[in-house]
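K.L.:
Have a look at this one.
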Amino acid sequence: MEQAEKVTDHVSHIVFPAFSLDRGDGCEIHENAYWDLQTYLGLRERLAANEGARSFIHESSRDRTPLGHAHRIRDLSIQQIREMYRQAVRQLINELAETKEFYRAGIVAIDITEADPFTGDRTGHEDEIIGTKEKNDEYAHQWATVQLVGNAVPLVLDDRPVRKGESRIEIVEDLLDSAQDLVYVDNVLMDREFDSQHILEMISQRGLSYVVPKRIQTSEKAQAKRLLQRGQD
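So the sequence shown is residues 1 to 233, counted in the UniProt record's numbering.
Right, here's the structure in full:
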């Protein structure tokens, strides 16, 4: 946190120009104040917009900052946000490419993560707030990401929501298209939920290599459970 202000101040000059709320002219609060607040919230755990906006007033050097209730970015589509994010990443990569810390190692990792369980009303959002990976009655947003890993500076190149009914191959193709448009890709790392012949063939057809663990079969899970009950690792 001691470095947060220094880092975000530098990055803001590269990233913020790629984002736009399309608020028009004559607004009293500068648009960058909204992105400053978003960055402030993102660097702190479990800090909601309303509470965070109050803290931001005291910690920011800006004369005017947005209120929490006006902060939510409701009018931007996911496609718009992804496009702006990709443009920001492209600008970051151009800056990073000039440093010795950045190596175009060509290794990316694709993964799906889920948010905390959703406890509100899902009406109208059933395709977006889907079940969790565990077999239970909980619901959560799920996000698929593609990240530059290996010897390179770790950087999330793109992310996208996982919707009900989408196949894993659709998700992987979409994220690989983004990644290959931004950086040189040679190798793809994924966990075993992506162990599908269709996905692996698609990656091979792109001329890429991959590392994907094989799925654990039901019989193997049962054996592992029996060993655990006997106190064996």
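Cβ coordinates follow ideal geometry from the N, Cα and C atoms, glycine included.
On the criterion of 16 or more Cβ atoms from any shown chain inside 10 Å, does D75 qualify as buried, or is it exposed?
P.N.:
When all chains shown are included, D75 counts as exposed.
K.L.:
Which same chain residues end up closer than 7 angstroms to residue 234 when comparing Cβ atoms and leaving out the 5 residues on each side of it in sequence?
P.N.:
Because the chain spans 1 through 233 in this model, residue 234 falls outside it and cannot be assessed.
K.L.:
Output the residue ranges of the beta strand (DSSP E) runs that lie fully inside the region 96 to 140 and measure 3 residues or longer, sorted by chain position.
P.N.:
Here the runs fully enclosed are 107 to 114, 129 to 131.
K.L.:
When you compare the region 140 to 148 with the region 114 to 132, are there three or more beta-carbon pairs, one atom per stretch, that lie closer than 8 angstroms?
P.N.:
yes
K.L.:
Which whole-angstrom value is the C-beta distance of L148 and V108, which I expect to be below 8 angstroms?
P.N.:
6 angstroms
K.L.:
Look up V211 in the DSSP assignment and say whether it is helix, strand or coil.
P.N.:
strand
K.L.:
Distance check for I112 and H125, CA to CA, integer angstroms please.
P.N.:
19 angstroms
K.L.:
Report the residue from G231, N50, D181 whose alpha carbon sits nearest the alpha carbon of R90.
P.N.:
Among G231, N50, D181, the Cα nearest to that of R90 is on D181.
K.L.:
I'd like to know whether the C-beta atoms of I93 and V183 end up nearer to each other than 9 angstroms.
P.N.:
yes
K.L.:
Less than 9 angstroms between the beta carbons of R226 and E193, yes or no?
P.N.:
Contact flag unset, no.
K.L.:
Which of helix, strand or coil does DSSP assign to L157?
P.N.:
Note: L157 maps to strand in three-state DSSP.
K.L.:
Taking V153 and F102 to be in contact with their CB atoms under 8 angstroms, please state how far apart those CB atoms are, rounded to whole angstroms.
P.N.:
5 angstroms
K.L.:
Short check: CB of L67 to CB of A53, under 9 angstroms?
P.N.:
yes
K.L.:
Would you mind stating whether T39 and T8 have Cβ atoms separated by less than 9 angstroms?
P.N.:
yes
K.L.:
Are D191 and G106 touching if we call contact CB-CB under 9 angstroms?
P.N.:
no
K.L.:
Are the beta-carbon atoms of S167 and V188 separated by less than 9 angstroms?
P.N.:
no
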